[in-house]
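So the structure is just underneath, and the comments pick up after that.
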Amino acid sequence: MFAFSLDTGSENNLITSIGEVRNLESNRSNIGYRKLRLINVQDTAKLKYEIEKAALTYDHNGFIHMLDANGSIIHSTFISSISIGKSKRNTLCLSG
Numbered sequence: 105m106f107a108f109s110l111d112t113g114s115e116n117n118l119i120t121s122i123g124e125v126r127n128l129e130s131n132r133s134n135i136g137y138r139k140l141r142l143i144n145v146q147d148t149a150k151l152k153y154e155i156e157k158a159a160l161t162y163d164h165n166g167f168i169h170m171l172d173a174n175g176s177i178i179h180s181t182f183i184s185s186i187s188i189g190k191s192k193r194n195t196l197c198l199s200g
């Protein structure tokens with residue numbers, strides 16, 4: 105399981121849980137810029153709202169967190185300049 109939070113400079117406030125995260129680009133050819141597909145997002149509308157609100161203040165950096173069975177963060181990956189590409193039902197494509 106995964107989760108998403110914005111980079112606020114303080115404690116991680118998990119916005120929503122995510123069932124699966126897929127990298128849409130090759131790991132070998134593209135190190136800095138990524139496109140991700142977030143699948144089975146628990147609250148898609150809230151996630152879109154929070155990212156769009158953060159983009160208005162030019163502070164739209166965040167983290168994808170890998171969670172253990174208890175919901176504790178195991179690992180986090182930083183994403184800068186997040187933008188929403190496509191969204192369908194409970195699936196979002198992000199770039200950053």
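Going letter by letter, the sequence shown gives residues 105 to 200 in this note's numbering.
Using N, Cα and C, we set each Cβ at its ideal position, and we do this for glycine too.
Taking its Cβ as the centre, do 16 or more other Cβ atoms sit within 10 Å of residue i, making it buried, or is it exposed?
i	result
N106	Per the sequence shown, residue 106 should be read as Phe rather than Asn. Its Cβ being crowded by 16 or more others within 10 Å, F106 is buried.
F108	buried
I154	Per the sequence presented here, residue 154 reads as Glu, with Ile not at that position. Buried, because 16 or more other Cβ atoms sit within 10 Å of the Cβ of E154.
G166	buried
I183	buried
Using a Cβ-Cβ cutoff of less than 6 Å, which residues in the same chain neighbour residue i once the five nearest sequence positions on both sides are dropped?
i	result
D147	T120
C197	R141, G189 and K190
G123	I143 and N144
Using DSSP with H/G/I as helix, E/B as strand and the rest coil, what is residue i?
i	result
L142	strand
A173	coil
I155	helix
L160	helix
T181	strand
T195	strand
S120	Correcting the residue type first, residue 120 is Thr in the shown sequence and not Ser. It is a strand residue.
Using a Cβ-Cβ cut-off of 8 Å (strictly less than) and excluding sequence neighbours within five positions of residue i, which residues of its own chain qualify?
i	result
A159	I186 and S187
Within a Cβ cutoff of 7 Å, which residues of the same chain sit near residue i, ignoring the five residues on either side of it in sequence?
i	result
N127	R138 and L140
T181	F167 and I168
Report back the beta-carbon spacing between residue i and residue j to the nearest angstrom; my notes put them in contact at under 8 Å.
i	j	result
N116	I168	Contact doesn't hold; Cβ gap of about 11 Å is too wide.
M170	H179	4 Å
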